[in-house]
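Visitor: Sending over a structure as structure tokens; questions will come in a sec.
2 protein chains.
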Amino acid sequence: MSGETSVKASIFEDHLWLRGPSSGLRPTLGQIGLQQFAPYLINSISLSWVTHLASALKAHDMTTTQMRALAVLSISSPVTINELSQFALTEQSTMSRTLDALEEQAFIVRKPRPEDLRVRDVEITQAGRDAFAKVWPTMYDLLIRMFDGIDSEEYKAFTATMHKMMSNVRKHGIGSFQRDT
Amino acid sequence: MSGETSVKASIFEDHLWLRGPSSGLRPTLGQIGLQQFAPYLINSISLSWVTHLASALKAHDMTTTQMRALAVLSISSPVTINELSQFALTEQSTMSRTLDALEEQAFIVRKPRPEDLRVRDVEITQAGRDAFAKVWPTMYDLLIRMFDGIDSEEYKAFTATMHKMMSNVRKHGIGSFQRDT
């Protein structure tokens, strides 16, 4: 290791959250360990999920972004392109192209909002709902396999921690995808 | 919602883990809710982390993949390209190009292994360790902000759940990035 501090790994475990960022007593990554460094685990699991699903979606002739758009719209429709991009974790420019493809397949329609014709709302069609309903079992079954051996209580605790993190992301302005253009 | 089943949202919360994937009683995504669908939260947090860090790394003239390679090598060196790619969550082809750039900056060296000259080991240099040590405070401080209000016990429970998921990823063969080429 780089030996930049003399803090021991055990101190990370016991006192990590008592120290602020400017205390000057940062443990090294080696002292924490890659498997205890939460962002590494999150990125790794995210990558496995996305990669596996992208490959399964190919059988349905659907991209990840198309699936995400339909998933959001299956819950809430109509929405603006801006709302849809945010919820579907996709940049607006990518979402625009995705909506072109979805409109061609008649899975969505874009309509000017009567009160403000400059705003176009995105609405899912029944064909779009049916298309998402066809891929949903794959997603749900993947969820079940990923959480194999994890009970409902642990699942709730896990998502509760992530809700705190999402709130920190907003509170501390931790970069959303939209800043990266 | 698509109305494909008559299961209520509350049942998802209570009985999700009692039902197998083939029970035919899948709740819809709308019944679960996007904010209770763990993969959505994981992907969202991963995206915020990666995007924020990528932007911070620019000030150090470093890409995400370069940072990941140096991070892994700061813990374990020398390693093979294959090991490095796996731990750094990066495809081998991308990692090869990344190593070219890192070698140019004298942050790593590639050496044929004496026992088997066909294998080339990747080794971090002191300059490489120094370069990672310069970006590490940014990463650590981001971690602290992301886990603001989350104590050590909750952090441990959170990573423990992710370890179970990583084990499920391996056990159920849930796609690693390397399948996606």
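If you're matching them up, the sequences are chains A and B in order.
For the first sequence, our numbering gives the first residue as 1, with consecutive numbering after it.
For the second sequence, our numbering gives the first residue as 1001, with consecutive numbering after it.
Built from N, CA and C at the ideal position, the CB exists for glycine as well.
Specify whether the stretch 1054 to 1073 of chain B and the stretch 1025 to 1040 of chain B touch according to this definition: at least 3 beta carbon pairs, one from each stretch, less than 8 Å apart.
Guide: No contact exists between the stretch 1054 to 1073 of chain B and the stretch 1025 to 1040 of chain B.
Visitor: Once DSSP output is grouped into helix, strand and coil, what is the label at D1130/B?
Guide: By 1-based counting over the second sequence, the position of residue 1130/B is 130. The answer is helix: DSSP assigns D1130/B an H, G or I state.
Visitor: Would you list, in sequence order, the uninterrupted alpha helix (DSSP H) runs of no fewer than 4 residues that lie entirely inside the stretch 1019 to 1096 of chain B?
Guide: Counting whole runs of 4 or more residues, the stretch 1019 to 1096 of chain B contains the alpha helix (DSSP H) stretches 1029 to 1032, 1038 to 1058, 1064 to 1075 and 1081 to 1087.
Visitor: So what does DSSP say about D141/A, is it helix, strand or coil?
Guide: Within the first sequence, numbered from 1, the residue matching residue 141/A stands at position 141. D141/A: helix per DSSP, three-state reduction.
Visitor: Starting from E153/A, follow the alpha helix (DSSP H) in both directions and report where the run begins and ends.
Guide: Along the first sequence, one-based indexing puts residue 153/A at 153. From DSSP, the alpha helix (DSSP H) with E153/A extends over S152 to K171.
Visitor: Would you mind reading off the limits of the beta strand (DSSP E) that contains P1114/B?
Guide: As a position in the second sequence, residue 1114/B is number 114, starting the count at 1. Note, P1114/B: premise wrong, no beta strand (DSSP E); not H, not E.
Visitor: Starting from F1158/B, find everything on chain A with Cβ-Cβ shorter than 7 Å and list it in chain order.
Guide: By 1-based counting over the second sequence, the position of residue 1158/B is 158. A38, F158 and T161, listed in chain order.
Visitor: For D148/A, name the three-state secondary structure that DSSP assigns.
Guide: Within the first sequence, residue 148/A is the residue found at index 148, counting from 1. D148/A: coil per DSSP, three-state reduction.
Visitor: For Q1031/B, count the other beta carbons within 10 Å of its own beta carbon; 16 or more makes it buried, fewer makes it exposed. Which is it?
Guide: Residue 1031/B sits at position 31 when you count from the first residue of the second sequence. Counting Cβ neighbours within 10 Å, Q1031/B comes out buried, since at least 16 surround it.
Visitor: Could you tell me whether the Cβ atoms of S1074/B and S46/A are closer together than 8 Å?
Guide: Walking along the second sequence from the start, residue 1074/B turns up at place 74. Walking along the first sequence from the start, residue 46/A turns up at place 46. Not a contact, by the Cβ cut-off of 8 Å.
Visitor: Using the Cα positions of I1081/B and Q105/A, report the straight-line distance between them to the nearest angstrom.
Guide: Working through the second sequence from its first residue, we reach residue 1081/B at position 81. Working through the first sequence from its first residue, we reach residue 105/A at position 105. Answer to the nearest angstrom: the Cα atoms are 43 Å apart.
Visitor: Does the distance from the C-beta atom of V72/A to that of A88/A stay below 8 Å?
Guide: Locating residue 72/A in the first sequence gives position 72, counting from the first residue. Locating residue 88/A in the first sequence gives position 88, counting from the first residue. Cβ distance < 8 Å, so V72/A and A88/A count as in contact.
Visitor: Using a Cβ-Cβ cut-off of less than 9 Å, list which residues of the stretch 1080 to 1093 of chain B approach chain A; keep chain order.
Guide: Listed in sequence order: F1087 and L1089.
Visitor: Using DSSP's beta-bridge definition, name the partner residues of D121/A.
Guide: By one-based count along the first sequence, residue 121/A stands at place 121. Per DSSP, T80/A and K111/A.
Visitor: Straight-line CA distance for P1137/B to R26/A?
Guide: In the second sequence, counting from the first residue as 1, residue 1137/B sits at position 137. In the first sequence, counting from the first residue as 1, residue 26/A sits at position 26. Going from the Cα of P1137/B to the Cα of R26/A covers about 7 Å.
Visitor: I'd like to know whether the C-beta atoms of N1043/B and V169/A end up nearer to each other than 8 Å.
Guide: Position 43 of the second sequence, counted from the first residue, corresponds to residue 1043/B. Position 169 of the first sequence, counted from the first residue, corresponds to residue 169/A. Not a contact, by the Cβ cut-off of 8 Å.
Visitor: Measuring straight from C-alpha to C-alpha, what distance separates T1063/B and P1112/B?
Guide: Locating residue 1063/B in the second sequence gives position 63, where the first residue counts as 1. Locating residue 1112/B in the second sequence gives position 112, where the first residue counts as 1. Going from the Cα of T1063/B to the Cα of P1112/B covers about 26 Å.
Visitor: Chain B partners of E154/A, CB-CB under 7 Å?
Guide: On the first sequence, position 154 is the one that residue 154/A refers to. Within chain B, the residues near E154/A are T1161.
Visitor: Alpha carbon to alpha carbon, what distance is there between E91/A and T28/A?
Guide: Within the first sequence, numbered from 1, the residue matching residue 28/A stands at position 28. Within the first sequence, numbered from 1, the residue matching residue 91/A stands at position 91. Cα to Cα, T28/A sits roughly 34 Å from E91/A.
Visitor: Please compile the residues from chain B whose C-beta is within a distance smaller than 8 Å of the C-beta of K58/A.
Guide: Start at 1 with the first residue of the first sequence, and residue 58/A comes out as number 58. The premise fails here: K58/A is roughly 10 Å from chain B at the closest Cβ pair, so nothing lies under 8 Å.
Visitor: Put A106/A into one of helix, strand or coil per three-state DSSP.
Guide: In the first sequence, residue 106/A corresponds to position 106, counting from 1. Three-state DSSP puts A106/A in coil, outside helix and strand.
Visitor: With C-beta atoms as the reference, is D121/A less than 8 Å away from V79/A?
Guide: If you number the first sequence from 1, residue 121/A lands on position 121. If you number the first sequence from 1, residue 79/A lands on position 79. For D121/A and V79/A, yes; Cβs fall inside 8 Å.
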